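K.L.:
So that we are looking at the same thing, I have put the structure below in structure tokens.
In our numbering, the protein residues as written are 13 to 795.
In structure tokens:
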């Protein structure tokens, strides 16, 4: 056992895996191999990273945000986007996130959308890989095995085949997460890593994707348990301190959405349909590169891609030594607790209030599983008894392939090939690891890396084309392909129909879909939104995500409103209506429809017809109807409000309807908010005797004062903690450094501790040389 130098009454606490120059080469290897593996699918499918919600949702939002930022605006509200316009409540726009700002600005200057999306995805995959390396190191993984973890996590099934291709916001928060956990753990145990933890944590929270913030909360719980198990009482206080700025920022980011949720389409109840929920079968095939899990989703019951795949080498955890594992448990309590909680979450109800699709948590399950396996292989394997477990290893490996075959028997060739390959590779690695020479054991780690790269490349060749066909795909890659759509439109437009049901498929030269409308020159009411506005969506029969509508919307747009007598296109300030053709034979042909009075046909073909108003209405967001006899003059108007001068107010008072949604948070002076017209149009009552007065309508998110205070407090606290940390670092550098070796690795004294705790002794035992310990134990057991 290595000797730990003692000072007078004090004992240094070892920090294995502290960043050093020795990590430079392993980090470069991790980065290089990750780049190779993540670029490979682009060679097969050029649009691999530009499909579904990335192309139809996130990219257009980035572009719109970039345009607003370049105009000097911070767009928390957009009246022209209607149900998709409450950006601050939706959260996922990343209004507080500087990395998202950079991406957004980049989209406005690079003419090829697919290239930007690919670069963004590769960046986050690389970020997650490097963060995983450091996280594995801080828990005791040796450098080569930390490299293995770093290159394995980005190519795990759900991350590589779905988040990286389509659901980019989940990819973003996942990429920041290992950096947060690494930094927070170092700060809790060694008073280091505070700045990286704060930076990564705040970036994660400000992405605005609640899935990542939930994972962050669970991580703090797990690290708190870890600190208590190791009796790091002061560490619990530091855990609270580092988490406070993130918690305050979470209030600023998520409180608007929480207080707005009552008018959105989000489900507010718990239920389980089994849709997008991790099953035991899905978990059982996690080590099979060809595993086809029993996973109900948009694809049916069995996906064509191994979404629940984690890593082929997971069965190597069976080589663990029970004695060494007991000594290691205090150190790895955090990953065990966190992984267990997240596993339960992933297998939980399909709907839990506004939260859905629990399968989205599997990237964190994969992260913890891989980190735990490489730490166990580094610190808790009894190399003297590996050969005796080869049979168990083979059996556990082949079981996953059998379950995959049993689910879809037509895949038997894939299961046989992959099963035999994985079994041979695992046996070979085990024999190398149990070899008599140290250089053979080192070759075992290299073999793990080499086989992982090879298997990942083959798996990518097999499944990347299938993954790229998920959801909506085929989006044009260049920005110029979007700008000419509806070039004959005027003012605000609305699209009637379902682009995916057009005869011959969606023609991007005729119409667009979801957030791609932000890339056109025409403001359109059908933008992408995961939250929507329920009354608006119901009245316009509009899908809350991609903005598709029923055919009946044409009639609804031109039917007089019961309360005001005005037609809906007038109340909404709509000047252009595009009607799409449909493959349904019961849907009328667009060209056969009668053009309403005051409108004309601007363009028509076999796919669509576009009606444009003869005149032009007021700008969206302003008044569109008022009590007969009353006049309303707009004095000033922007996205967040409007100032109006009213005259001719009747003796009983008057009413004004505005072409903006009645989101929670509007404030009125010179009048008062009335019940929204049609259940969603902002309506203001003007009191009697208000002739010549000014009515101000202003939007601030509900809870705005608290949100601003929380944001300021978070920034100030982060700044203070950062300055104190930097000052402390400068002072430490001026003092002579003391270091020592643990298990052949240099460890630093991060802070002095009085006495010796049980956690210190357990951690030191876990760091002992496994080979020396095993040899000593075997010698003692001989008669």
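Heads up, the beta-carbon is just placed ideally off N, CA and C, and yes, glycines get one too. Here the structure is a predicted model, which is why all the values come from computation and not from measurement.
1. Locate the beta strand (DSSP E) running through residue 666, then write down its first and last residues.
2. Kindly confirm or deny that the segment 194-209 and the segment 125-138 touch, where touching means at least three C-beta pairs closer than 8 Å.
3. Count Cβ pairs between the segment 323-342 and the segment 259-267 that sit closer than 8 Å; are there 3 or more?
4. Between residue 697 and residue 688, is the Cβ-Cβ spacing less than 8 Å?
5. Check whether the segment 102-118 touches the segment 218-226, taking contact to mean three or more Cβ pairs, one atom from each stretch, closer than 8 Å.
6. Enumerate in chain order the residues of its own chain whose CB-to-CB distance from residue 271 is below 7 Å, with the five nearest sequence positions on each side excluded.
7. Give the secondary structure of residue 492 by DSSP, where H, G and I count as helix, E and B as strand, and everything else as coil.
8. If you run the structure through DSSP and keep just helix, strand and coil, what is residue 678?
9. Nearest chain B C-beta to residue 320 closer than 8 Å, yes or no?
10. Using the C-alpha atoms, what's the distance from residue 510 back to residue 167?
11. So within the segment 477-522, which uninterrupted beta strand (DSSP E) runs reach at least 3 residues, ignoring any that extend past its ends?
12. Mind pulling the beta strand (DSSP E) runs of 3 or more residues that sit fully within the segment 560-593?
13. Nearest CA to the CA of residue 34: which residue from 156, 499, 573?
14. CA-CA distance, residue 757 and residue 338?
15. What do you reckon, are the CB atoms on residue 651 and residue 87 nearer than 8 Å?
16. Quick check: what's the CA-CA separation for residue 613 versus residue 528?
17. Less than 8 Å between the beta carbons of residue 536 and residue 507, yes or no?
18. If distances are taken between C-alpha atoms only, which option among 479, 555, 522 comes closest to residue 852?
19. Does DSSP put residue 231 in a helix, in a strand, or in coil?
20. Going straight from the alpha carbon of residue 761 to that of residue 240, what length do you get?
21. Could you tell me which residues DSSP pairs with residue 802 in its beta bridges?
22. Assign residue 229 to one of two classes, buried (16 or more other C-beta atoms within 10 Å of its C-beta) or exposed (fewer than that).
23. For the beta strand (DSSP E) containing residue 178, list its first residue and its last residue.
24. With 16 as the cutoff for other CB atoms within 10 Å, does residue 399 come out buried or exposed?
25. Hey, how far is the Cα of residue 662 from the Cα of residue 574?
26. Check whether the segment 378-388 touches the segment 140-151, counting contact only when three or more Cβ pairs, one atom from each stretch, lie closer than 8 Å.
27. Does any heavy atom of the ligand NAD sit closer than 7 Å to the C-beta of residue 559?
28. Return the chain-ordered list of same chain residues with a C-beta closer than 6 Å to the C-beta of residue 31, the five sequence neighbours on each side being excluded.
29. Going by Cα to Cα distance, which pick from 176, 457, 325, 690 is closest to residue 434?
30. Per DSSP, which residues does residue 798 bridge with? Please list them.
31. Within this structure, are the beta carbons of residue 418 and residue 441 separated by less than 8 Å?
32. Buried or exposed: where does residue 397 fall if 16 or more other Cβ atoms within 10 Å of its Cβ makes it buried?
33. What did DSSP end up calling residue 758 once you bin it into helix, strand or coil?
34. For residue 711, name the three-state secondary structure that DSSP assigns.
35. Measure from the alpha carbon of residue 253 to the alpha carbon of each residue in 210, 285, 289, 243, then state which is nearest.
36. Please report how far the alpha carbon of residue 69 lies from the alpha carbon of residue 391, in whole angstroms.
P.N.:
So, from the listed chains and residues:
1. Position 654 of the chain shown, counting from 1, holds the residue named residue 666. Residue 666 -> beta strand (DSSP E) spans 666-673.
2. no
3. no
4. Along the chain shown, read from residue 1 onward, the residue named residue 697 stands at position 685. Along the chain shown, read from residue 1 onward, the residue named residue 688 stands at position 676. The beta carbons of residue 697 and residue 688 sit no closer together than 8 Å.
5. yes
6. Taking the chain shown and counting its residues from 1, the one referred to as residue 271 is at position 259. So the list reads 676, 714, 715, once near-sequence residues are dropped.
7. Stepping through the chain shown from its first residue, residue 492 is reached at position 480. Residue state, collapsed to three classes: helix.
8. For the purposes of this step, residue 678 is identified with residue 666 of the chain shown, where counting begins at 1. Strand at residue 678.
9. Reference to chain B is not applicable here, since this structure consists of a single protein chain.
10. Mapped onto the chain shown, residue 167 falls at position 155. Mapped onto the chain shown, residue 510 falls at position 498. Their Cα atoms are separated by approximately 34 Å.
11. 504-508
12. 586-592
13. By one-based count along the chain shown, residue 34 stands at place 22. Residue 156 is the option with its Cα nearest to residue 34.
14. Taking the chain shown and counting its residues from 1, one reaches residue 757 at position 745. Taking the chain shown and counting its residues from 1, one reaches residue 338 at position 326. Confidence at residue 757 is low in this model, with a pLDDT of 48, below 50, so its placement is unreliable and the value that follows should be read with caution. Using only the alpha carbons, I get a separation of about 22 Å.
15. The sequence position of residue 651 within the chain shown is 639, counting from 1. The sequence position of residue 87 within the chain shown is 75, counting from 1. The answer is yes: Cβ separation under 8 Å.
16. Residue mapping note: residue 613 aligns to position 601 of the chain shown, counting from 1. Residue mapping note: residue 528 aligns to position 516 of the chain shown, counting from 1. Cα to Cα, residue 613 sits roughly 24 Å from residue 528.
17. Taking the chain shown and counting its residues from 1, the one referred to as residue 536 is at position 524. Taking the chain shown and counting its residues from 1, the one referred to as residue 507 is at position 495. For residue 536 and residue 507, yes; Cβs fall inside 8 Å.
18. Outside the modelled stretch of the chain, which goes from 13 to 795, sits residue 852, for which no answer is possible.
19. Reading the chain shown from its first residue, position 219 is the one you call residue 231. If DSSP states are grouped into helix, strand and coil, residue 231 belongs with the helices.
20. If you number the chain shown from 1, residue 761 lands on position 749. If you number the chain shown from 1, residue 240 lands on position 228. Unreliable placement is indicated for residue 761, whose pLDDT of 44 sits below 50; the coordinate value is still reported in the next sentence. Rounded to whole angstroms, residue 761 to residue 240 spans 21 Å at the Cα level.
21. Lying outside 13 to 795, the shown extent of the chain, residue 802 is not represented and no answer is given.
22. Numbered from 1 along the chain shown, position 217 holds the residue referred to as residue 229. Looking at its Cβ environment, which holds fewer than 16 other Cβ atoms inside 10 Å, residue 229 is exposed.
23. Along the chain shown, read from residue 1 onward, the residue named residue 178 stands at position 166. Per DSSP, residue 178 belongs to no beta strand (DSSP E) and is neither H nor E.
24. Residue 399 sits at position 387 when you count from the first residue of the chain shown. Under this definition residue 399 is an exposed residue.
25. Residue 662 sits at position 650 when you count from the first residue of the chain shown. Residue 574 sits at position 562 when you count from the first residue of the chain shown. The alpha-carbon atoms of residue 662 and residue 574 are separated by roughly 21 Å.
26. yes
27. Questions concerning the ligand NAD fall outside what the structure shown contains, since it holds no ligand whatsoever.
28. Translated into positions along the chain shown, residue 31 becomes position 19. Hits under 6 Å: none found.
29. Counting from one through the chain shown, the residue named residue 434 turns up at place 422. Selected option, being the one with the closest Cα: 325.
30. For residue 798 there is no data in the structure shown, the boundaries of the chain being 13 and 795.
31. The residue you call residue 418 lines up with position 406 of the chain shown. The residue you call residue 441 lines up with position 429 of the chain shown. Not in contact: residue 418 and residue 441 (Cβ atoms no closer than 8 Å).
32. To locate residue 397, count along the chain shown from 1; it is residue 385. Using a 10 angstroms sphere on the CB of residue 397, the tally of other CB atoms stays under 16, which defines it as exposed.
33. Your numbering for residue 758 matches position 746 in the chain shown. Confidence at residue 758 is low in this model, with a pLDDT of 49, below 50, so its placement is unreliable and the value that follows should be read with caution. Here residue 758 sits in strand by DSSP.
34. Counted from its first residue, the chain shown places residue 711 at position 699. The answer is strand: DSSP assigns residue 711 an E or B state.
35. Counted from its first residue, the chain shown places residue 253 at position 241. For the residues 210, 285, 289, 243, the minimum Cα distance to residue 253 belongs to 210.
36. Locating residue 69 in the chain shown gives position 57, where the first residue counts as 1. Locating residue 391 in the chain shown gives position 379, where the first residue counts as 1. About 44 Å.
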